[in-house]
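> With the numbering used here as the guide, the letters of the sequence shown map in order to residues 1103 to 1231.
Virtual Cβ for every residue (Gly too), placed ideally from N, Cα, C.
Fair warning: this is a prediction, and the values are worked out from it, not measured in the lab.
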Amino acid sequence: MLYDRCGAPAQAPLAGVVRRARKSGLVRPCHQSLAGVVCNPFFELLLSSGCPFNCHYCYLQLSHGDHGPVQFTNHWPEVERQLDRIPSGVFSSGEWADSLATRPPLLGPAIAYFRRQPAKFLFLTTKSA
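#1: At what residues does the beta strand (DSSP E) containing residue 1224 begin and finish?
#2: For residue 1126, which of 1220, 1176 and 1203 has the nearest alpha-carbon?
#3: Ends of the beta strand (DSSP E) at residue 1173?
#4: Using the three-state DSSP reduction, which class does residue 1206 fall into: helix, strand or coil?
#5: If you measure from the CB of residue 1205, is any heavy atom of the ligand FAD nearer than 7 angstroms?
#6: For residue 1181, tell me which candidate among 1220, 1172 and 1209 has the shortest Cα-Cα distance.
#7: How would you write the range of the beta strand (DSSP E) that residue 1130 sits in, first residue to last?
#8: In terms of alpha-carbon separation, which member of 1124, 1129 and 1160 lies closest to residue 1191?
#9: Closer than 7 angstroms by C-beta to residue 1215: which residues in its own chain qualify, once you throw out the five before and the five after it? Chain order, please.
#10: In the DSSP assignment, what residue or residues form a beta bridge with residue 1145?
#11: In the structure shown, what three-state DSSP assignment does residue 1212 receive?
#12: Considering Cα atoms alone, identify which of 1227, 1211, 1189 and 1203 is closest to residue 1221.
#13: Output the boundary residues of the alpha helix (DSSP H) element that contains residue 1186.
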């Protein structure tokens, strides 16, 4: 079960992974504005940024450049307050990162939070196992 694996003791960080607190909000609405893009409304949940994989076709390489992934280390109560302001919806942690490639420190608390939410859903996007 994903929750059990994410709740396990953290593994050694991957080479090139930077950990830092994000100064701006970690929860924000995603607004697709490209002509012809049809997308269900959702919120971005920024637990990390970037990806350790170097896939030449991936938009993350184009939008983040050559720097490695960043894991955000904000205090979970701060993130939970941001989530509690929104009564329902889908929250994607994979808009600006591979959700599971680096196992962000905030992922375990996020999974526990969304398990208790009947009208909120966590959407994970990954190329990893």
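Taking the structure as given:
#1: 1222–1225
#2: 1176
#3: 1172–1174
#4: coil
#5: Summarising the ligand content, the structure contains no ligands, and the ligand FAD is consequently not present.
#6: 1209
#7: 1129–1132
#8: 1129
#9: 1182 and 1185
#10: 1131 and 1193
#11: helix
#12: 1189
#13: 1178–1186
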